[in-house]
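Notes follow the structure.
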Amino acid sequence: MIETSPHKKQERALLIGLEKEGVSKWDLRDSMEELAELASSAGAEVVDTVTQKLRKPTAPYYIGKGKAEWIKDSLQDRQVTSVIFNDELSPAQGRNLENLLARKVLDRTQLILDIFAQRARSREGRLQIELAQLQYLLPRLTRMWHHLSRQTGGIGTRGPGETQLEVDRRRVQERIARLERELEAVRKTRAVQRQGRKRHQWPVAAVVGYTNAGKSTLLNLLTGADVVATDRLFATLDPTTRSLVLPNKQRVLLTDTVGFLRKLPHTLIESFKATLEEVSEADLLIHIVDLSHPRVDEQMQAVDNVIKELDAFGKQTLIVFNKIDNLENGAGGSRATWTGKPERVDEPGGESINRELSETYVKRFPGSVAISARTGEGVDKLVQALQEALSSWRLRSRFRIPSNESAVIAEIHRAGHVLELKYEGDDALIVAHVPPDLAQKLERYAKL
């Protein structure tokens, strides 16, 4: 784990990556830059980055033995305390490297797990990250104790190492089972909460995107939420749901989700399913994209891959290209605050690179919008696009309801938006915008 205590010196990390067969030097460079961001987010100072070109990782050390020896000789002069690898290491590779380098050795998965452990605040978040950590540890436990085990089994041949291994494995497995039971209870609670939302007939939009794309900043801007929003990876882990009332009086629930990442460990996806279920159960996905990032297409694809793994691919999606204020030669614009009404953000005249780039992406993805969640630029267009995307939730319907069925009339007032109400004899004549589910439920009262 990366030490961040104020009483201890900051970790000094050396990053190591492989340019493997099928991986270009540009992909490796971007991946290593992201690894450096992850290390910084975990509280480490990145001393240097080392790469090696190999057809595939070597079994003993992941990198070549000669390279490993060279790294060992260079560590002392640089005062390196941790060596972080860009890919997941096998238990044997991790053990061999720690023995050789005499330093703490982590891989990309361990680094991400460490960041999640630092950022988790809720009980649910802590349960999920502990489960992921134990699932990562379990297959490595056998190799950790391998040097103490005997060659054969049976009576009279059980050594203390094997006995301790069995005890440790049983304890880890028992803890995993207990955590899974507790998280199953969390999932049931979330299911009950979702049913409660459905009773209100409010659509739910899950805000998804690559980590640090600006999801929390946008949620804060639109709803006045106080979600932590800083320029670092995985700033927020615990999901936050807030209500937003659109200009047409449509209410929508926005749920902020954990950021996605290339090479996101499968154990994390499995452990965080109680949280990520919000994505698969949502009525609409709002995909926030950092348009200023040089690998924007790769980040979009990484998000799509995780959405597929969550069985949520194909849902109605509104793509929002964020951070247009960060683009080179940007048009800038004054700061603005979303107040629930469309506002124009003044911009200097003339064409610019950022305007052309944002327009290019908006044309590539019809229905998308380009915004700056930081300055408020373009947010009025986002709100309009969200309103149009949810237009099917507001069907203009006419009902004739007996006035003694007050519960039905009250439900229309609660879940819909009443445009006109008048009484004719013993009936109430109502014209209202209502969600599709409610319109179907009240079909027998529909008046053509």
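In this text, residue positions in the sequence shown follow my numbering: the first is 170, and each later residue adds one.
From the three backbone atoms N, C-alpha and C, an ideal C-beta is built for every residue, glycine too.
Nearest neighbour of residue 285 by Cα position, chosen from 593, 189, 456 and 208, turns out to be 208. By DSSP's assignment, residue 372 forms no beta bridge with any residue. CA-to-CA, the gap between residue 416 and residue 449 works out to about 27 Å. Shown here, residue 491 sits in a strand according to DSSP, grouped into three states. When DSSP states are grouped into helix, strand and coil, residue 571 belongs to the strand group.
Counting every other CB atom within 10 Å of its CB across the protein chains shown gives residue 418 a total below 16, marking it as exposed. In this structure, the alpha-carbon of residue 576 lies about 16 Å from that of residue 586.
Restricting attention to alpha helix (DSSP H) runs no shorter than 4 residues, the stretch 444-476 encloses none. In the DSSP assignment, residue 277 falls within the alpha helix (DSSP H) that extends over 277-288. Between residue 216 and residue 181, the C-beta gap is smaller than 8 Å, which places the two residues in contact.
With fewer than 16 other CB atoms across the displayed protein chains lying within 10 angstroms of its CB, residue 339 is exposed. Residue 264 and residue 466 have their C-alpha atoms spaced approximately 37 Å apart.
Its chain contains 568, 569, 570 and 577 as the residues whose beta carbon lies nearer than 8 Å to that of residue 614, once the 5 sequence neighbours on both sides are disregarded; these appear in chain order.
Cα atoms of residue 179 and residue 525: separation of roughly 43 Å, rounded to the nearest angstrom. Your pair residue 423 and residue 388 checks out as a contact, with CB atoms roughly 6 Å apart and the cut at 8 Å. With three or more CB-CB distances shorter than 8 Å, the stretch 480-496 counts as touching the stretch 456-465. Within the DSSP secondary-structure output, residue 292 pairs in no beta bridge. Membership of residue 388 in the alpha helix (DSSP H) is indicated by the continuous run 384-392. Beta-bridge annotation (DSSP): residue 186 is paired with 220. Below 8 Å, too few C-beta pairs join the stretch 474-481 and the stretch 537-554 to call them touching: fewer than three. The three-state reading of DSSP puts residue 350 in helix, counting H, G and I together. Going by DSSP, residue 198 is part of the alpha helix (DSSP H) stretching over 194-210.
Contact annotation, residue 231 with residue 279: C-beta distance approximately 14 Å; criterion of less than 8 Å not satisfied.
Per DSSP, reduced to three states, the secondary structure at residue 273 is strand. Between residue 277 and residue 249, the gap from beta carbon to beta carbon reaches 8 Å or more. 451 is the residue among 292, 202, 451 and 291 whose C-alpha sits nearest the C-alpha of residue 372. If you ignore the 5 residues before and after residue 486, its C-beta comes within less than 6 Å of the C-beta of 454 and 456, all in its own chain and listed in chain order.
Between residue 341 and residue 310 the beta-carbon gap is near 7 Å, inside 8 Å, which marks them as a contact. Boundaries cannot be given for residue 595, as no alpha helix (DSSP H) includes it and DSSP labels it neither H nor E. In this structure, residue 468 and residue 462 form a Cβ contact; the two beta carbons are roughly 6 Å apart against a cut-off of 8 Å. Per DSSP, the beta bridge partners of residue 602 are 565 and 586.
Only residues of its own chain outside the window of five on either side were considered, and among them 184, 215 and 218 have a CB closer than 8 Å to the CB of residue 205, listed in chain order. Residue 529 sits exposed, since fewer than 16 C-beta atoms from the chains shown fall within 10 Å of its C-beta. Excluding its 5 nearest sequence neighbours in each direction, residue 410 has C-beta neighbours in its own chain below 6 Å: 422 and 424, listed in chain order. Across the set 301, 189 and 246, the C-alpha of 189 shows the shortest separation from the C-alpha of residue 256. Listed as beta-bridge partners of residue 378 by DSSP are 457.
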